[in-house]
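Visitor:
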Amino acid sequence: MLQLIFFNITNGLIIGAFYALMAIGLSLILNLSGVINFAHGGFLVIGGYLAYTLTPSLGFWGALIVAPFLTALIGFVVERLLIRRLYGRDPLYSLLLTFGLAFIIEDGTRQIWGAQGLPVSIPAVLSSPLSNEFFFITGYRMFMVATVAIVVGLLFVLLRYTRIGVRIRAGTLDLDTVAALGVNVRALRSLNFAVGIFLAGLAGVLAGGQLGLEPTMGDGLLMPSFIAIIVGGVGSLTGTLLGGLLIGVASGVTAVIFPSASEAVVYVMMAVVLLVRPRGLLGEEGMFT
Amino acid sequence: MSKDLIGRAVQRRTILKAGLAIGAMQVASPFVVKALAEEPIKIGLDNPLTGTYAAPGKNEQIGCQLAVDQINAKGGILGRKIELLSEDSTSGDAGTAVQKARKLIERDNVDFLVGNVNSALAQAMAQVSNEKGVLHVVPGGHTDGITGIDCKWNVFRVCNTTRMEANAVSDLLFKTYGKKWHFITPDYAFGHTLFQACEADLKKLGGTVTGNELTPLGITDFSAYLIKARAANPDVLVVLVQGNDMVNCLKQIAQFGIEKQIHVAGTQQELEAVEAMPPEARVGVWMFEWYWKQAAGTPGLDQFIAEIRKRSGGKVPTARTWFGYVTIHAYALACEKAKSIEAKAVARALADLELPPDIKLQPNKVYFRGGDHQLMLSAFIGELLQKGDGDPENLFKVNSIVAGDSIAPSVADTGCKMNMPA
Chain A
1 MLQLIFFNIT NGLIIGAFYA LMAIGLSLIL NLSGVINFAH GGFLVIGGYL AYTLTPSLGF
61 WGALIVAPFL TALIGFVVER LLIRRLYGRD PLYSLLLTFG LAFIIEDGTR QIWGAQGLPV
121 SIPAVLSSPL SNEFFFITGY RMFMVATVAI VVGLLFVLLR YTRIGVRIRA GTLDLDTVAA
181 LGVNVRALRS LNFAVGIFLA GLAGVLAGGQ LGLEPTMGDG LLMPSFIAII VGGVGSLTGT
241 LLGGLLIGVA SGVTAVIFPS ASEAVVYVMM AVVLLVRPRG LLGEEGMFT
Chain L
1001 MSKDLIGRAV QRRTILKAGL AIGAMQVASP FVVKALAEEP IKIGLDNPLT GTYAAPGKNE
1061 QIGCQLAVDQ INAKGGILGR KIELLSEDST SGDAGTAVQK ARKLIERDNV DFLVGNVNSA
1121 LAQAMAQVSN EKGVLHVVPG GHTDGITGID CKWNVFRVCN TTRMEANAVS DLLFKTYGKK
1181 WHFITPDYAF GHTLFQACEA DLKKLGGTVT GNELTPLGIT DFSAYLIKAR AANPDVLVVL
1241 VQGNDMVNCL KQIAQFGIEK QIHVAGTQQE LEAVEAMPPE ARVGVWMFEW YWKQAAGTPG
1301 LDQFIAEIRK RSGGKVPTAR TWFGYVTIHA YALACEKAKS IEAKAVARAL ADLELPPDIK
1361 LQPNKVYFRG GDHQLMLSAF IGELLQKGDG DPENLFKVNS IVAGDSIAPS VADTGCKMNM
1421 PA
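Heads up: the sequence lines are chains A and L, in that order. Each residue of the first sequence is one higher than the one before, counting from 1 in this note's numbering. Each residue of the second sequence is one higher than the one before, counting from 1001 in this note's numbering.
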């Protein structure tokens, strides 16, 4: 039993890392632009399918790098053409827009690549378990965790030490002042949106290798990501990372003890956090209230 | 005077118009009658086109449309053309499925309702069709109740019941793989009855269930359940989830190397899912409800495959395409037999209809059983192939084709009490 719980904690961390990747992208966009991006799961799907299409010509590794950039480019265009127009309005407008976009992307994917799921092959070096005992730790899952760690690490460095990063963080706290200081806020938001979508695209490529592709695959991953943000604290990227890991572990451990509650437990966690500490574990008080 | 004049003029015009109208009616009336005769018979298909069952839903639609086109090319049903109206029921929302069924029946006045892939949605639709007295065929929803305790005079089913699926493979799994079984089961009507059927068979054979992991429909990550299943150390891991869930589950089983330690098998397997899997995930003993690669010379088979390839981007037909094809052809045959499209008359004709060779497309006798309105279709039992055998699309090696009535429980055992209205 102890071993089973230990297995599931480790397993939960792996899944949680993936949620965190999705959630950090969402969080970036929410923090700077105030947009609750319901189409984030859709961009994940685009990333996965683009990688599938590119793999024959670029190989797995090439597609892994190129597909997220292409997804980010699509995100950039979408921000310029659609989302930008709704800044400054009630967040409900952008929520409805992205909600609609999510449907359009899902049906568009179905039109282009078909309703039937598509298999994604992963490189042979990654495809087997590392040991017989820890069979659930496969090369690919380790690779996923490592990729998430590297990308999130790079993102934190970008936000901490570069001029753009500092501006994004400052904009999160007080956008009006940043604009008054002469920063091109429009460009900053576009770039920030593209970075968020890049993370979604990357998550899509990684998820494709793990699960295969299917037009609705983003739906199931979107909700836990929102919950990760709420649990971790709106406005805090570190909190979002922590929130993602926590809900992964919680649902993993619950699957051992009380399987039918393994989905419900993340919502219970969210409810408890909202009641006891509404700003989330690492969220700053007074933001987004 | 002028008043008088106007009055008379109006009268004359009125009479003229009336006369014209009478004349026109006499000329037009045959057209009215003819137009009625040419009004198409409407068939409403209420099936998933989005969500986890979009692929099987789409294939059932392709099969239906092929049958509709073939029947229309031969002059329709009783001299009337038929028309297929499609609605997206979603993959799991019974409310939407019911609303679409009501729309098809009440607003479009369909004569015949078809659906659903999802058992729970099929059951919800059956309530509506029964209330409205519309003939209803469930092409691909498997839960027992539809032709069991919840059977209805107007509802027929083409695909297997879950009990038939379990009976088809239980013996074989027990004999070849062992007696300790662990289940991965989708947590809704279909999964519950399928698990119960397998459990009953296993107990009869003297085996034990080491656990049953109930998983929510549409879940993407099975790792927590697989960790538990392996820890229970069964002889066989029986995978009962379907659609994309099946793809995800088998893919993770292969990634974890579980199939090298525990036998992996299941009951129902579908070509849609197998095609979406990477080769290493194609493992185990399963049953297909219909399979395209059969002995040469099966009547009508080559033509069916060629027609479906034309309509599905070069892909071979699946059991789902066959379900759709059979559903529409069976309806047409029953209407011709009853010489009517009135629901009760067609239901009576359908109740003991045997499918002709070019419709059944398989060796055994295939017929609807009057007592529970269940089609007796064969089970194709065999093993998945990692790489196509002889043909890249041939991903299943059929070991035996078992007649449906040899694996179906008797009508009395289904719990169905059929009440045909007079």
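Glycine residues also receive a C-beta, built at the ideal position from the N, C-alpha and C atoms.
1) Excluding the 5 residues flanking methionine 1025(L) on each side, which residues of the same chain have their C-beta closer than 8 angstroms to its C-beta?
2) Three or more beta-carbon pairs under 8 angstroms between the region 67-79 of chain A and the region 192-202 of chain A, yes or no?
3) In chain order, what residues of the same chain have a beta carbon less than 7 angstroms from the beta carbon of leucine 58(A), not counting five sequence neighbours either side?
4) One question on the structure: do glycine 12(A) and glycine 248(A) come within less than 8 angstroms of each other, judged by their Cβ atoms?
5) Using the C-alpha atoms, what's the distance from asparagine 1047(L) back to glycine 1300(L)?
6) For tyrosine 161(A), is the classification buried or exposed, using 16 other Cβ atoms within 10 angstroms of its Cβ as the cut-off for buried?
7) Specify, as a first and last residue, the run of the alpha helix (DSSP H) that alanine 1265(L) falls within.
8) Using a 10 Å radius around the Cβ and a threshold of 16 neighbouring Cβ atoms, would you call serine 1029(L) buried or exposed?
9) Quick one: is isoleucine 1258(L) near chain A, going by C-beta distance under 8 angstroms?
10) Helix, strand or coil: which one does DSSP assign to glutamate 1087(L)?
11) Using beta-carbon positions only, say whether serine 94(A) and leucine 81(A) come within less than 8 angstroms of one another.
12) Below 8 angstroms between beta carbons: does that hold for glycine 208(A) and glycine 48(A)?
13) Beta-carbon of isoleucine 104(A) versus every beta-carbon of chain L: anything under 8 angstroms?
14) In chain order, what are the residue ranges of uninterrupted alpha helix (DSSP H) at least 4 long that sit wholly in the region 1337-1384 of chain L?
15) What span of residues does the alpha helix (DSSP H) with aspartate 176(A) cover, start to end?
16) Quick check on tryptophan 1423(L): does DSSP put it in helix, strand or coil?
17) In this structure, how does DSSP classify serine 1312(L) when only helix, strand and coil are distinguished?
18) For lysine 980(L), name the three-state secondary structure that DSSP assigns.
19) With threonine 1210(L) and alanine 1232(L) assumed to form a contact (beta carbons below 8 angstroms), what rounded beta-carbon distance in angstroms separates them?
20) Checking the sheet assignment: what are the DSSP bridge partners for methionine 1287(L)?
21) On the three-state DSSP scale, how would you describe glutamate 1259(L)?
22) Check each candidate in Leu1049(L), Asp1069(L) and Ser1129(L) and name the one with the smallest Cα separation from glutamine 111(A).
23) Which same chain residues, not among the five before or five after leucine 242(A), have their C-beta less than 7 angstroms away from its C-beta?
24) In the DSSP assignment, find the alpha helix (DSSP H) that holds aspartate 1046(L) and state where it starts and stops.
25) From the DSSP output, which residues share a beta bridge with glycine 1211(L)?
26) Look at the alpha carbon of arginine 1311(L) and the alpha carbon of cysteine 1249(L), and state the distance between them as a whole number of angstroms.
27) Give me the chain A residues within the contact set of alanine 1055(L), using Cβ-Cβ distance strictly less than 9 angstroms, ordered along the chain.
28) So, is aspartate 1372(L) buried or exposed, given that buried needs 16 or more other C-beta atoms within 10 angstroms?
29) If I measure Cβ to Cβ from valine 265(A) and keep anything under 7 angstroms in the same chain, skipping five residues before and after, which residues do I get?
30) Below 8 angstroms on the Cβ atoms is my contact criterion, and I expect methionine 1287(L) with glutamate 1165(L) to pass it. Report the Cβ-Cβ distance as a whole number of Å.
31) Does the Cβ of alanine 1403(L) lie closer than 7 angstroms to at least one heavy atom of the ligand GTP?
32) Compute the Euclidean distance between the alpha carbons of glycine 1324(L) and glycine 1243(L), then round it to the nearest angstrom.
33) Can you find a C-beta in chain L that's less than 8 angstroms from the C-beta of threonine 138(A)?
34) By Cβ distance below 6 angstroms, which residues in the same chain neighbour asparagine 1364(L) in space, the five residues on each side in sequence not counted?
35) Check whether the Cβ atoms of isoleucine 105(A) and glycine 204(A) lie closer than 8 angstroms to each other.
36) Any idea if threonine 177(A) is buried or exposed, counting beta-carbon neighbours within 10 angstroms, 16 or more meaning buried?
Guide: Put simply:
1) Note on methionine 1025(L): pLDDT 46, under 50, position unreliable in the model; the coordinate value appears next. Contacts found: none.
2) yes
3) Val66
4) yes
5) 27 angstroms
6) exposed
7) From DSSP, alanine 1265(L) is part of no alpha helix (DSSP H) but of the beta strand (DSSP E) over 1263-1266.
8) Per-residue confidence for serine 1029(L) stands at a pLDDT of 45, beneath the threshold of 50, marking its modelled position as unreliable; no derived number is given.
9) yes
10) strand
11) no
12) yes
13) no
14) 1343-1350 and 1357-1360
15) 175-180
16) Any answer about residue 1423(L) is impossible in this case: the structure gives chain L only from 1001 up to 1422.
17) coil
18) An answer regarding residue 980(L) cannot be provided, because it is not within the stretch 1001 to 1422 covered by chain L.
19) 4 angstroms
20) Gln1268(L) and Ile1381(L)
21) helix
22) Leu1049(L)
23) Gly232, Leu281 and Leu282
24) Run containing aspartate 1046(L): none in the alpha helix (DSSP H); it sits in the beta strand (DSSP E), 1041-1047.
25) His1182(L)
26) 30 angstroms
27) Gly114, Ala115, Gln116, Gly117 and Glu214
28) buried
29) Ala250, Ser251 and Thr254
30) 6 angstroms
31) Of the ligands one can find in the structure shown there are none, so the ligand GTP has no counterpart to examine.
32) 17 angstroms
33) yes
34) Ser1378 and Ala1403
35) no
36) exposed
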